[in-house]
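Sequence lines, in order, name chains W, B, S and Y.
For the first sequence, our numbering gives the first residue as 2, with consecutive numbering after it.
For the second sequence, our numbering gives the first residue as 2, with consecutive numbering after it.
For the third sequence, our numbering gives the first residue as 2, with consecutive numbering after it.
For the fourth sequence, our numbering gives the first residue as 2, with consecutive numbering after it.
Everything on this sheet refers to the single structure shown next.
Number of protein chains: 4
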Amino acid sequence: MCFENKLHEECGVFGIFSKKGEVLSSSYYAMYALQHRGQESCGLAINHQGVIAGHKDTGLVNEVFSKERLQTMGEGKMAIAHCRYGSKRTISRSNAQPLVVNHLKGNMAVCYNGNITNTAKLKEKFELAGGIFHSTTAVEVIAYTITSQRLQSDSIEEAIKKAIDQLEGAYSMVLMSAQKLIAARDPYGFRPLCLGETEDGYVIASESCALEAAGAVFIRDIRPGEIVVISEEGLTSIQTPAKEKSALCAFEFIYFARPDSVIEGASVHGARLRAGSFLALEHPVQADVVVGVPDSGIDAAIGYARQSGIQYGQGFVKNRYIGRTFIQPGQRQRQDSIRIKLNVIAATVKDKRVVLVDDSIVRGSTSKVIVGLLKEAGAKEVHLRLSSPPFLYPCFYGTDIDSSEHLLAYNHTIEEMRDMIGVDSLGFLSTDAVGMLAENATCGFCDACFTGNYPSKPFDDEDAFKYEKKL
Amino acid sequence: MCFENKLHEECGVFGIFSKKGEVLSSSYYAMYALQHRGQESCGLAINHQGVIAGHKDTGLVNEVFSKERLQTMGEGKMAIAHCRYGSKRTISRSNAQPLVVNHLKGNMAVCYNGNITNTAKLKEKFELAGGIFHSTTAVEVIAYTITSQRLQSDSIEEAIKKAIDQLEGAYSMVLMSAQKLIAARDPYGFRPLCLGETEDGYVIASESCALEAAGAVFIRDIRPGEIVVISEEGLTSIQTPAKEKSALCAFEFIYFARPDSVIEGASVHGARLRAGSFLALEHPVQADVVVGVPDSGIDAAIGYARQSGIQYGQGFVKNRYIGRTFIQPGQRQRQDSIRIKLNVIAATVKDKRVVLVDDSIVRGSTSKVIVGLLKEAGAKEVHLRLSSPPFLYPCFYGTDIDSSEHLLAYNHTIEEMRDMIGVDSLGFLSTDAVGMLAENATCGFCDACFTGNYPSKPFDDEDAFKYEKKL
Amino acid sequence: MCFENKLHEECGVFGIFSKKGEVLSSSYYAMYALQHRGQESCGLAINHQGVIAGHKDTGLVNEVFSKERLQTMGEGKMAIAHCRYGSKRTISRSNAQPLVVNHLKGNMAVCYNGNITNTAKLKEKFELAGGIFHSTTAVEVIAYTITSQRLQSDSIEEAIKKAIDQLEGAYSMVLMSAQKLIAARDPYGFRPLCLGETEDGYVIASESCALEAAGAVFIRDIRPGEIVVISEEGLTSIQTPAKEKSALCAFEFIYFARPDSVIEGASVHGARLRAGSFLALEHPVQADVVVGVPDSGIDAAIGYARQSGIQYGQGFVKNRYIGRTFIQPGQRQRQDSIRIKLNVIAATVKDKRVVLVDDSIVRGSTSKVIVGLLKEAGAKEVHLRLSSPPFLYPCFYGTDIDSSEHLLAYNHTIEEMRDMIGVDSLGFLSTDAVGMLAENATCGFCDACFTGNYPSKPFDDEDAFKYEKKL
Amino acid sequence: MCFENKLHEECGVFGIFSKKGEVLSSSYYAMYALQHRGQESCGLAINHQGVIAGHKDTGLVNEVFSKERLQTMGEGKMAIAHCRYGSKRTISRSNAQPLVVNHLKGNMAVCYNGNITNTAKLKEKFELAGGIFHSTTAVEVIAYTITSQRLQSDSIEEAIKKAIDQLEGAYSMVLMSAQKLIAARDPYGFRPLCLGETEDGYVIASESCALEAAGAVFIRDIRPGEIVVISEEGLTSIQTPAKEKSALCAFEFIYFARPDSVIEGASVHGARLRAGSFLALEHPVQADVVVGVPDSGIDAAIGYARQSGIQYGQGFVKNRYIGRTFIQPGQRQRQDSIRIKLNVIAATVKDKRVVLVDDSIVRGSTSKVIVGLLKEAGAKEVHLRLSSPPFLYPCFYGTDIDSSEHLLAYNHTIEEMRDMIGVDSLGFLSTDAVGMLAENATCGFCDACFTGNYPSKPFDDEDAFKYEKKL
């Protein structure tokens with residue numbers, strides 16, 4: 002589902018190098034393929050023989066890039082693109098990416114996905130040296146870090162290598178200088194980033210689904226700590242020291258990524274089916290039908306149904322036309338925003354014992370409404386199963402789980418939550434199962450939001466100190 | 002699915018009467034709930050104490066009705082609304098509905114769903130009397146027919162009663178005079194129309210899903226030949242002679258209606274599950290997974306899976322953000338419009354024998370591309386199953402199956418089609434099964450597009466004469 | 002000036018016939034040239050080999066006709082266009098012109114400038130015969146009148162000839178059938194209409210300035226009661242009986258028409274200079290500078306200066322960028338809408354005795370503000386001179402002088418008005434002078450708004466009877 | 002006039018301090034009043050209790066600031082605003098002003114009018130220190146210069162004082178920190194800047210006409226080299242060393258400024274009348290009428306007429322509705338863009354010897370077309386008089402006279418120009434007269450574009466060295 006109080010990823014990134022100089026339509030389609038990772042703003046910067054120009058704004062891809070806009074953008078050999086989610090405070094055009102800057106040794110466009118945990122410290126350092134900041138995004142800090150190193154380095158890749166020593170936290174970044182397209186991933190590999198090949202060049206993207214949209218074939222994931230440099234001379238890789246244990250965000254598999262993407266060798270769809278299966282094993286129940294909350298709960302619901310032997314059914318119709326509809330406040334209280342967007346298929350649930358599968362619970366209010374819809378439609382029992390453990394800790398690596406106080410699970414027991422949401426039983430996926438979702442994946446996972454085990458110390462944020470294990 | 006060469010319904014209609022004078026938000030939400038029946042234009046007319054004013058334009062509801070527009074529309078005790086699909090020739094603002102007209106005895110707003118088969122004859126009659134026409138839609142002919150009768154009648158309902166004798170073909174109409182909200186359905190009942198009740202009035206809509214969106218509770222379907230009149234005095238019904246055997250469009254159950262709607266007592270979702278079950282019985286095959294083409298093939302795929310015992314799976318991700326995206330012509334031929342909108346989940350189909358379920362085949366080109374996507378993703382076999390029989394005859398009752406020549410099935414055998422689409426086997430639902438889809442439904446069905454058995458002679462259209470049974 | 006309570010003309014009309022089939026850009030430019038006659042809505046209909054299609058909407062030409070819109074309109078051999086002013090009640094898309102209608106003998110597009118005084122009677126007649134009306138404009142009544150005659154006529158021009166017998170009031174109309182472009186002017190010739198010639202055809206327009214914009218050379222004015230028919234066979238003229246004494250609206254020369262237009266052989270600019278000269282003779286005053294209210298008072302101010310020998314000066318700067326600016330209500334009361342749009346050049350008026358020339362006074366409130374601005378800027382004396390007599394009677398021929406009660410001059414003596422506006426002296430042009438403005442013009446003039454001498458009895462409007470000469 | 006090859010000023014600036022916290026509507030109206038100084042982009046930044054937020058974009062004020070936009074902007078105690086002209090290369094949103102930046106000691110918004118001649122050198126310095134640049138405008142260099150000084154200064158005003166030592170060239174700037182509104186003008190006073198007072202605060206603007214629009218009363222001009230600081234504590238002035246001889250751009254009086262503005266004690270309108278008078282004395286001719294090219298030639302034409310005794314007349318109508326109209330390329334070559342926008346009043350010029358007054362000649366092509374229009378309309382003779390001397394040298398202080406090669410006068414004698422433009426005689430204002438236009442003005446003037454006497458050495462631009470006196 003995609004209602005207001007869902008979790009939000011911070012971004013999707015994309016980059017392309019094309020010897021033939023055909024980057025526009027591939028970039029455009031790739032932005033659509035990454036739109037699920039960020040719907041607040043988007044942007045595209047194209048390198049026209051060394052001159053970088055672009056367009057970015059708040060809005061969806063089809064709002065920001067009209068036919069007329071595309072026609073005026075021109076072609077080039079390189080481009081980078083970005084889709085962004087921003088918290089309410091920071092939705093503004095000046096925070097959209099890519100960021101295009103000019104510096105002593107040339108110009109550069111950069112965009113990233115993640116969160117730099119020492120942003121404040123780095124910013125202070127640059128301001129002390131006279132630097133000025135136009136935006137409130139960490140990407141400007143990243144740009145400063147790289148350009149300040151660039152002055153003392155022979156090449157942009159060397160500058161990035163040095164910058165990696167200074168940047169803490171999570172980042173999968175794509176950047177472009179006059180001559181090179183470069184991708185880099187933090188040493189923990191918090192956010193996904195992969196590499197594809199086209200007939201005449203390379204493509205880099207947050208998810209493999211964007212490679213396909215750009216007409217590229219998947220080659221491999223970019224490794225934690227790796228810098229990939231693409232130019233007319235071809236592709237070279239620089240491996241900086243990675244952490245012993247990588248820490249890919251587990252929620253990428255549970256909710257963020259698109260089902261058809263493959264991350265670290267594991268199918269996202271497959272991981273969700275497995276989540277459903279584990280749920281069925283960990284929280285079995287006698288029931289007549291398993292339904293998923295569209296769209297993100299469907300896969301796990303099928304997995305639960307297969308494992309349990311209970312019939313899978315379509316419980317809901319989601320209205321695809323609503324989008325960012327203006328919901329008229331008022332008269333009929335029953336018509337709140339969820340009811341307009343989501344409709345129960347009564348034929349599926351009436352007089353049935355229903356297993357309802359969703360991906361997670363943040364504040365619980367959405368779940369409560371959905372359960373109410375099922376009961377109104379005649380469901381005899383509703384058993385809620387979540388394909389993730391309870392959220393207990395904030396995320397400092399690019400997901401907007403901001404503070405424990407706002408998390409239902411932090412303040413309540415399972416039984417209290419069951420009662421508040423109004424279901425007959427409630428079951429969460431275990432944290433042990435989380436580590437097993439991505440079948441055959443070679444990486445480690447970050448499950449800090451469930452366990453409080455932060456892979457890196459998030460020094461910069463004083464709030465971080467107050468979180469201790471509660472369980 | 003909703004690609005270009007899908008069939009299109011002509012419209013969705015809505016009407017509301019509220020004693021409290023709260024009709025705006027209900028009408029707005031109802032239009033969203035009917036949007037699947039027509040995405041080319043939409044409109045809303047509100048009765049402000051006898052003065053009818055409104056707004057209509059080409060575009061989706063959220064394009065035509067901005068926040069600012071809604072705020073200027075004001076409230077009233079009655080409103081009617083419409084969503085329209087128009088063929089390419091007729092997409093224009095002047096063809097959008099509702100049509101608001103002034104005549105001797107007052108003013109009137111009217112909209113309808115269906116097709117008047119004697120439009121040309123009626124139009125000629127009115128033109129001979131000096132009438133002028135502003136649009137190319139039959140709704141203007143309907144308005145003339147009613148107002149010309151109105152001059153010799155004591156009431157609007159009497160005029161409509163007489164008009165029904167003159168109008169031939171399919172129509173579910175909603176109209177509004179200064180004092181009354183009126184609904185009428187043709188004597189065959191080709192198109193659905195139902196009645197709901199709110200706390201302070203009544204609601205009429207093409208589908209029950211729009212009743213819910215308007216905060217109303219379903220009462221019953223409007224009967225073929227019935228005129229329902231709603232005013233301050235309450236609701237009265239006039240039953241004009243209906244045909245012995247009603248003829249509800251079977252394709253409403255197969256594709257047009259929303260799964261959560263209930264028509265003539267039968268669940269649309271249930272009918273689609275049944276279609277899948279019949280398909281499994283009529284065209285069994287050894288396979289590993291059943292996938293449906295989203296969104297309309299999903300329900301039948303689940304039905305096929307349940308009946309056959311073959312596992313149901315999610316075969317595709319549909320990109321929800323694309324909408325009416327400008328598809329850049331060009332460079333990379335592989336990126337045609339379907340590939341951008343629809344992505345295969347390889348994990349589901351790789352190395353599998355796949356049963357692919359869709360609702361119908363018009364020209365076959367879309368099916369061919371989708372099958373190609375599955376094969377590229379590694380499907381070993383693809384067995385296509387359609388939850389409707391082959392289209393052989395044009396529809397004269399409001400669906401745009403215009404001419405046999407353009408129908409793949411009219412010109413080719415099943416085997417030829419199988420070969421052209423590139424599947425390992427191909428099976429259509431039988432016409433016998435069509436009549437059994439709507440479980441417990443009390444009405445008869447029109448299956449003329451499959452059988453050529455037109456319930457009414459479509460005199461007016463000379464083309465109609467050339468269609469004879471082919472089988 | 003163009004502030005809210007200025008008088009408004011009802012329209013500008015345009016038609017073109019081009020053998021080469023190049024009508025789009027000429028029509029577009031002509032609409033710009035006629036924009037001063039109506040800024041509420043505009044429209045263009047093009048005849049594509051007998052099929053008439055067009056576009057119209059509320060807004061200025063550059064708002065309604067975007068580049069993209071123009072590119073999709075296509076070319077044809079004929080087109081008609083319209084710019085419209087509508088009173089507040091009637092600004093809506095459905096009232097924009099041209100009106101395109103289909104009738105028994107073909108299709109037709111029509112637009113007009115003026116006012117049909119027996120609209121209500123004609124409308125009732127057509128409604129009694131079953132006719133329905135989509136709009137509240139008289140143009141729909143004109144279309145009905147012509148098409149009802151067309152049924153009993155051999156040609157469209159014969160139908161128009163008969164329609165002229167039925168239509169009362171003022172009209173300069175342009176219409177287009179499948180094969181012909183036709184212009185007609187009422188027997189009194191209330192509104193201007195002229196004919197021009199291009200290399201490959203003809204052009205018809207409300208004013209000669211639009212001929213030039215369309216690349217045409219002025220030939221002559223269309224005569225009162227004349228019907229001009231243009232087709233592949235060339236141009237023919239039908240003269241229906243005209244009134245003994247024509248009655249061109251005198252206000253066309255005083256305010257409505259563009260200064261570079263020539264009407265009935267007289268220069269509009271020349272007529273305004275003459276108005277100023279007469280004013281100087283009729284209302285002399287000792288003063289230091291003559292200034293005009295931009296834009297419409299400038300010409301008469303120059304005329305006054307020349308005749309009186311007092312120096313002409315630029316008294317104001319008008320802000321050209323404001324347009325339909327949203328004027329923030331509120332805080333600083335001094336910044337009302339006039340003060341934002343019009344700024345005094347203090348250097349011109351400070352410590353001077355100023356003759357202020359404007360074209361007319363409707364309610365007097367605008368004049369009062371402007372005089373206040375001059376005094377604030379240091380003018381010692383302000384002597385207001387109007388290049389028209391006081392408005393005393395409503396206009397029934399297409400100008401929105403609706404009711405005597407709202408006219409300052411109807412309710413007050415000259416001395417009262419002088420006091421209310423706050424000027425040192427006040428002088429209006431005499432009605433005798435009005436008849437002499439258009440030098441060498443061959444027509445008669447309507448001065449009913451000044452004198453109450455209505456050329457035709459405006460039967461249909463009961464309000465009309467109550468107006469009797471007051472003086 | 003305002004056709005393509007007119008000269009363009011770089012900007013208009015505005016700032017307001019209001020104790021009551023009412024700055025929005027004043028700023029909005031002030032932008033309209035300054036719109037003539039820049040039509041490419043505009044912007045407004047408001048200080049909400051120390052937090053600075055704003056909006057800027059390419060487009061006119063009424064395009065960039067919709068009603069909805071204004072309503073969301075909120076109020077504050079301070080605001081600065083800007084209208085910008087940019088050469089074609091630099092029209093982009095990222096170059097719009099004000100520039101809002103964050104730095105170590107707080108945040109700041111800044112905008113300016115002029116041109117920093119050592120931009121490249123300063124930029125290099127900051128880039129060497131690791132600075133990055135987001136735009137290509139000098140305002141970012143100004144911001145860096147001030148913030149780098151701010152780190153070593155006790156106050157923002159001290160930082161600006163030091164920055165003035167580093168910034169070379171022309172600048173009238175307005176800036177805003179969390180607590181202060183500050184205005185500064187370069188030591189030469191190239192561009193105008195003035196101070197006004199309101200009931201509850203102060204206003205700063207490029208021209209006095211914007212003071213009035215903001216409801217303020219003019220106090221005085223900001224002096225060359227002066228820094229004015231406005232805060233809750235009131236207004237303080239810091240005078241940094243000014244140049245012995247100030248150098249206000251003479252073209253402000255001739256063309257850039259609005260006629261109702263008063264600069265350095267002299268009326269702009271008055272200066273233009275004087276220019277006309279001098280022209281009449283320096284280049285007398287026997288003629289019948291004097292006409293001015295609207296809008297900028299009108300005042301000087303009146304001055305010429307008064308001095309010469311030849312009658313002043315209205316020669317042209319300018320179409321106010323065209324704006325940024327899309328001019329359809331093509332068919333009728335005679336309808337080029339000037340002819341659509343500018344129409345001759347034939348009655349004024351036919352069979353007359355015409356003195357045509359315009360402000361200047363850049364390339365001469367526009368003048369040629371206008372003269373052609375007059376001759377077509379029947380003018381017997383056309384004598385062109387320009388209220389400025391010939392342009393011979395580029396401007397480095399904020400006007401886009403970029404290179405001598407493109408200046409007609411640089412490459413041709415007066416006689417050659419006369420012949421090319423097709424006039425009977427041609428006369429330019431003398432450079433001596435330029436210094437006498439602004440009656441009683443206390444400042445010196447820059448006339449470098451006419452004489453090559455650059456007040457300051459424009460070191461940074463190597464092109465500058467190649468310009469030597471030609472005469």
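From the three backbone atoms N, C-alpha and C, an ideal C-beta is built for every residue, glycine too.
Predicted model, so just to flag it, every value in this text is computed and none were measured.
C-alpha gap between residue i and residue j, whole angstroms
| i | j | result |
| --- | --- | --- |
| S/Ala54 | Y/Ile341 | 26 Å |
| W/Ala214 | W/Ala206 | 10 Å |
| B/Gln308 | B/Arg419 | 23 Å |
| Y/Glu283 | Y/Ser297 | 20 Å |
| Y/Gly39 | S/Asn320 | 14 Å |
| W/Tyr145 | W/Val363 | 35 Å |
Sequence-distant residues of the same chain with beta carbon closer than 7 Å to residue i, five excluded per side
| i | result |
| --- | --- |
| W/Tyr29 | Phe66, Leu71 |
| B/Cys210 | Ala34, Arg259, Asp261, Ser262 |
| S/Lys246 | Gly445 |
Those residues which DSSP pairs with residue i across a bridge
| i | result |
| --- | --- |
| W/Leu176 | W/Val111, W/Ile183 |
| W/Val424 | DSSP lists no partner for W/Val424. |
| Y/Gln240 | Y/Glu227 |
Sequence-distant residues of its chain with Cβ nearer than 6 Å to residue i (five each side left out)
| i | result |
| --- | --- |
| B/Ala171 | Gly115, Asn116, Asp187, Phe191, Arg192, Tyr398, Gly399 |
| Y/Gly428 | His284, Arg386 |
9 Å Cβ cut-off: residues of chain S touching residue i
| i | result |
| --- | --- |
| B/Thr148 | Glu128, Gly131, Gly132, Ile133 |
| B/Leu152 | Glu128, Leu129, Ala130, Gly131 |
Chain-ordered chain W contacts of residue i [CB-CB under 9 Å]
| i | result |
| --- | --- |
| Y/Asn103 | Lys124, Glu128, Ile133, Phe134, His135, Ser136, Thr137 |
| B/Ala214 | Asn320, Gln336, Arg340, Ile341, Asn344 |
Proximal residues of chain W, C-beta to C-beta of residue i below 8 Å
| i | result |
| --- | --- |
| Y/Ala144 | Ile133 |
Query raised in the report: Quick one, which residues of the stretch 254-288 of chain B are near chain W if we go by CB-CB under 7 Å, in chain order?
Result: Arg259, Pro260, Asp261, Ser268, His270, Gly271
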